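Engineer: Following this message is one structure expressed as structure tokens.
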Amino acid sequence: MSSTINLRKFLHRFKNLFLLIIIVVPLLSQAQSAEKKQKEHDKKIEQQIVNQDKAQEEALKRHYKMQAPEVRKRMRKSKRQAKRNNHRTHKWYNRIWYGLFKRKVYWD
9 MSSTINLRKF LHRFKNLFLL IIIVVPLLSQ AQSAEKKQKE HDKKIEQQIV NQDKAQEEAL
69 KRHYKMQAPE VRKRMRKSKR QAKRNNHRTH KWYNRIWYGL FKRKVYWD
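First residue of the sequence shown: 9, per this note's numbering; consecutive thereafter.
Next up, the structure:
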């Protein structure tokens, strides 16, 4: 009989501790696993961004390698010309006038 009383006292004394162990420990482990997953996900996204940047740089390099310097110069010149012509494209009647009767006008 005394052993059951002692057990009851023991359980009563450490009731909160048992509850803590039963409830909090699984929650902590769950939080840790969620944090781990989040870190992995962030790493994946970071890697994707880095890969995209690399691919973009490679594409740009290839693009500029394909073009000879004079082609690039001509392209730059035409872009400058388009910017100079841009003031003509502002008004609707100028668009019509330069579009129909004058030379080609570019607007971005």
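Don't be surprised by glycine CBs; every beta carbon is placed ideally from N, CA and C. The model shown is predicted, which means the values in this text are computed figures rather than measured ones.
For Phe26, which three-state DSSP category applies?
Structural biologist: Against the sequence shown, residue 26 aligns to sequence position 18. In this structure, Phe26 counts as helix in the three-state DSSP scheme.
Engineer: Which of helix, strand or coil does DSSP assign to Phe18?
Structural biologist: Locating residue 18 in the sequence shown gives position 10, counting from the first residue. Looking at Phe18 - three-state DSSP - the assignment turns out to be helix.
Engineer: May I have the straight-line CA-CA distance separating Asp116 from Lys51, to the nearest angstrom?
Structural biologist: Taking the first residue of the sequence shown as 1, we reach residue 116 at position 108. Taking the first residue of the sequence shown as 1, we reach residue 51 at position 43. With a pLDDT of 42 at Asp116, under the threshold of 50, the modelled position of that residue is not reliable, and the figure given next carries that caveat. Using only the alpha carbons, I get a separation of about 38 Å.
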